[in-house]
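Chemist:
In our numbering, the protein residues as written are 705 to 1334.
1) In this structure, what does DSSP give as the bridge partners for residue 931?
2) Alpha carbon to alpha carbon, how far is residue 892 from residue 870?
3) Only counting runs of 3 or more residues, tell me where the beta strand (DSSP E) segments fall wholly within the stretch 1268 to 1299, in order along the chain.
4) Whole angstroms is fine: what's the gap from residue 744's alpha carbon to residue 1168's?
5) Would you mind stating whether residue 1046 and residue 1225 have Cβ atoms separated by less than 9 Å?
6) Using only the alpha-carbon positions, how far apart do residue 1013 and residue 905 sit?
7) Report yes if the CB atom of residue 1329 is closer than 9 Å to the CB atom of residue 1278, and no otherwise.
8) Considering only the alpha carbon of each residue, which of 1123, 762, 1286 lies closest to residue 929?
9) Residues in the same chain with beta-carbon distance under 6 Å from residue 947, minus the five sequence neighbours each way, listed in chain order, please.
10) Quick check on DSSP: helix, strand or coil for residue 1134?
11) In terms of alpha-carbon separation, which member of 884, 890, 900, 935 lies closest to residue 910?
12) Under DSSP, the alpha helix (DSSP H) around residue 889 begins and ends at which residues?
13) For residue 1143, which residues does DSSP report across the bridge?
14) Compute the minimum distance between the beta carbon of residue 878 and the heavy atoms of the ligand NAD, and state whether it is under 8 Å.
15) Please state whether the Cβ-Cβ distance between residue 719 and residue 739 is less than 9 Å.
16) According to DSSP, is residue 1328 helix, strand or coil?
17) Quick one: which unbroken alpha helix (DSSP H) runs of 4-plus residues sit fully inside the stretch 1034 to 1112? Chain order, please.
18) Apart from the five residues just before and just after residue 1017, which ones in its own chain have a Cβ nearer than 7 Å to its Cβ?
19) Mapping the DSSP letters down to three states, classify residue 805 as helix, strand or coil.
20) Please give the ranges of any beta strand (DSSP E) in the stretch 767 to 854, keeping only runs that are unbroken, at least 3 residues long and fully inside the region.
21) With which residues is residue 740 paired in a DSSP beta bridge?
22) How is the beta strand (DSSP E) around residue 1212 delimited, first residue to last?
23) Looking at the unbroken beta strand (DSSP E) that takes in residue 956, where does it start and where does it end?
24) When DSSP builds the beta bridges, which residues end up paired with residue 725?
25) Once DSSP output is grouped into helix, strand and coil, what is the label at residue 1174?
26) With a threshold of 6 Å on Cβ separation, who are the neighbours of residue 830 within its own chain once the five nearest residues in sequence on each side are excluded?
27) Residue 705 to residue 1064, Cα distance in whole Å?
28) Please look up how many angstroms separate the CB atoms of residue 1032 and residue 979, rounded, as I've assumed it's under 8 Å.
29) Helix, strand or coil for residue 858? Go by DSSP, reduced to three states.
30) For residue 1162, which of 709, 820, 818, 858 has the nearest alpha-carbon?
31) Tell me the start and end of each unbroken beta strand (DSSP E) in the stretch 966 to 1004 that is at least 3 residues and wholly inside, in chain order.
32) At what residues does the alpha helix (DSSP H) containing residue 1021 begin and finish?
33) Is it buried or exposed for residue 1071, if we count other Cβ within 10 angstroms and need 16 for buried?
34) With a threshold of 6 Å on Cβ separation, who are the neighbours of residue 1075 within its own chain once the five nearest residues in sequence on each side are excluded?
35) Closest to residue 1087 by C-alpha separation, out of 1060, 728, 875, would be which residue?
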């Protein structure tokens, strides 16, 4: 069957479609049905099944005779080291850690916070929790103490598993002082902490509370896999809320297993035993779904990369990893490619590496502008598939189903809705709009398996955040449109659709135009308050390395491009050159914070910001064009 037949069947017969997909999972007790709708609009999948995630991600591959297959490749240019771990070795390591946790009283339903750098032990900690039925919550290593404390108080962990440090280019980030500060601030106190010591920073352990990773495991019996019900929480992953308070996205065990396993072949087009690489961090949803769980459940080799797209040591590091490890499918954020393009605009460094093993590049996390996609296609010589999803959904909402049928790429579109997602474009009244019309992107309920059934101990907030705006729909918070062929176009977060003199305009469309300027490596457009027009767009331009033309000349050309390609209605008159843009560690541009700076409003420093000093640079740039008055 082609894409259309598969997609249509998923909507017409979701019960049959997902029960069939569930056959690929090892069940302790098979579910009686797929969808449980008795508590609509709070839907659940495979609720009465019994299953274990760790068994499906590790043990079953060993039992099937694939114990010598490589499960994890750790590639760490920041430490100059590499490590390969087979499935059999992974089983031994995970069972040992789980046994040690069990001996200290960690049991099914207990929460465990994991605060680790990009090392194999981070995945082992996640899998050890899953082995016991404990609910893990991974917090990005190096998060500020206050933000970690907030998460400790929300999920009340029995223990915390942490690394002694993380390693950034040119510096070591000590985790232990941040952990100590967080525990001191938090009202809830974990019973114990397990510290994985790295040679770059050996942390001082707190007596009576902290245990060394290796000492902790000595002399304990390995733990077997504990069956859990299909609706048992696999993990809690915190995502920023509009109020500034983090939202604990919950992932139910069975739907998570079925959806991720299905996606590996059908979306990413990899077969068991092949190497899959997602260049992200375990602290983000991509790290959960496609560094740890998805590849391992499907029997792939996953790459755990501890480095950066540039600077470790140069803009050719991605090409080296793909070539050395035989990566078949590669997944990263567009911002990583913009950084590579900025440092190596002609793609010279790829000539040093043979990446003929690679089938395709997948981009997600931040809108992929056409200029970046075209550059990547030209340099790499493989299809580039933009795809779109969220922390909340856990896997692709819209993408190119290369393992079913590789559809024609329309640059700027993440292609089409994936099976199980009934995606609609709605106006403010909740009515569907015509093709080509900008509106709110929503998904008709129920969402497919693997998506969030709710927020951690916050049902009312879940309803208010996602379900109440459009009755019978999940509100994505993104704005976009569908074309006549059913291709989806994600134009901006709903908050980034600006109103200029009564005209609703997408900042994403303006960014596309600016990114097409030959001297612009990366850009962002925000809407600032304007007394006459309500809002006015402002562009921020990061230039390609080596460009030495006058900045005012480049900004004039960019203003003219927007006027020419979008029209005078955009009222685009202000652009400024900056050295860098404020981003989260996962690569999302912090546009809302930039707006508040421009409008002279107070703002809360985002916990996820990569470098807070950039905000002062943005303020200075805005002041240079008469904004950021306060």
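Where a beta carbon is used, it is the ideal one built from N, C-alpha and C, also for glycine.
Modeler: Inspection of the coordinates gives the following:
1) For residue 931, which the question treats as bridged, DSSP gives no partner whatsoever.
2) Here the C-alpha atom of residue 892 lies approximately 25 Å from the C-alpha atom of residue 870.
3) 1278 to 1281
4) 15 Å
5) yes
6) 24 Å
7) yes
8) 762
9) With a pLDDT of 49 at residue 947, under the threshold of 50, the predicted position of this residue should be treated as unreliable, though the coordinate-derived value follows. So the list is empty, once near-sequence residues are dropped.
10) Here residue 1134 sits in coil by DSSP.
11) 884
12) 880 to 889
13) According to DSSP, residue 1143 bridges with 1184.
14) The ligand NAD is absent from the structure shown, which contains no ligand whatsoever.
15) yes
16) helix
17) 1038 to 1047, 1074 to 1084
18) 781
19) Of the three classes helix, strand and coil, the one that applies to residue 805 here is helix, per DSSP.
20) 774 to 780, 785 to 790, 815 to 819, 839 to 842
21) 748
22) Segment 1211 to 1219 is the alpha helix (DSSP H) holding residue 1212; no beta strand (DSSP E) there.
23) 951 to 956
24) For residue 725, which the question treats as bridged, DSSP gives no partner whatsoever.
25) coil
26) 840, 996
27) 22 Å
28) At roughly 6 Å, the Cβ-Cβ gap stays under 8 Å, so residue 1032 and residue 979 are in contact.
29) helix
30) 858
31) Restricted to the stretch 966 to 1004, the beta strand (DSSP E) segments that are unbroken, complete and at least 3 residues in length are 979 to 982, listed in chain order.
32) That run of the alpha helix (DSSP H) goes 1021 to 1029.
33) buried
34) Taking C-beta separations shorter than 6 Å and ignoring five residues to either side along the sequence, the partners of residue 1075 in its chain run 1219, 1220, following chain order.
35) 1060
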